[in-house]
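Down below is the structure, laid out as structure tokens.
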Amino acid sequence: MGRWIEKHSRGLGCLVLLAVTLAVLLRPVPFREFAHSDRATEFYVTAFVGDLRRTLEARPDRAEIAPLLAELETNTVHFYGRQRNISWSGDQQVYNLWLNHAEGDQGVLDAAFSLRSDGLLYTPLYLGDLSLGYACYQLKGCDLAAALEQLNALLALPPA
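For reference, each letter of the sequence shown is one residue, going 1 to 160 in full-length UniProt numbering.
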């Protein structure tokens, strides 16, 4: 047995390292940690309406977006997989959110993601300039209807 371990120790070490890396990357994380919402000072929210020809947008300040962040921050974000495109059905809405903060005279992007009205969250994946689609996450642990109500209010959309 000792000889077998000696012979295969490099492969076993790689497997252990891979397992630990995946466990860290795929663990559920609080929304606040995922989006760095605690340090964001600038916010931009958009949503397509109807046939995608019209985009609604809002640039709320911290006070205006606070109820939405409070609702989302009760969530945990769970890795769900990867998709090439964001897809949705006719009864779903997709919201796009950007959270930024300033460092000196530079704006720094804290998070950019799309939230589908069923709680699926998409973040873009890139390798250099090459788009690899989206990493998908599922929001769990909050009142999603209340969060969507807050988003609709920010964008002056009718209640869902």
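Beta carbons are placed, not taken as given, at the ideal position from N, Cα and C, and that holds for glycine. For clarity, every value in this text was computed on a predicted model and none was experimentally measured.
Note to self: In whole angstroms, give me the CA-to-CA distance for Leu139 and Gln106.
What the structure shows: Position 139 of the sequence shown, counted from the first residue, corresponds to residue 139. Position 106 of the sequence shown, counted from the first residue, corresponds to residue 106. One C-alpha to the other measures close to 30 Å.
Next item on the list: Compare the Cα-Cα distances from Glu149 to each of Gly81, Arg84, Glu71 and report the closest residue.
Entry: In the sequence shown, counting from the first residue as 1, residue 149 sits at position 149. Nearest option by C-alpha distance: Glu71.
Check: Is Glu57 helix, strand or coil when you go by DSSP?
Finding: As a working mapping, residue 57 is identified with position 57 in the sequence shown. Correct three-state label for Glu57: strand.
Margin query: Contact between the segment 60 to 69 and the segment 100 to 118 is defined here as three or more beta-carbon pairs at a separation below 8 Å; is this criterion met?
Written below: no
Note to self: Going by DSSP, what residue range makes up the alpha helix (DSSP H) through Asn152?
What the structure shows: Locating residue 152 in the sequence shown gives position 152, where the first residue counts as 1. 144 to 154 is the span of the alpha helix (DSSP H), which, as asked, contains Asn152.
Next item on the list: Quick one: grab the DSSP three-state call for Ala40.
Entry: For this step, residue 40 is matched to residue 40 along the sequence shown. Three-state result, Ala40: coil.
Notebook entry, point to check: Which residues in the same chain as Ala135 place their Cβ atom closer than 7 Å to its Cβ, once the five residues preceding and following it in sequence are excluded?
Noted result: The residue you call residue 135 lines up with position 135 of the sequence shown. Taken in chain order, the residues that qualify are Arg82, Thr123, Leu125.
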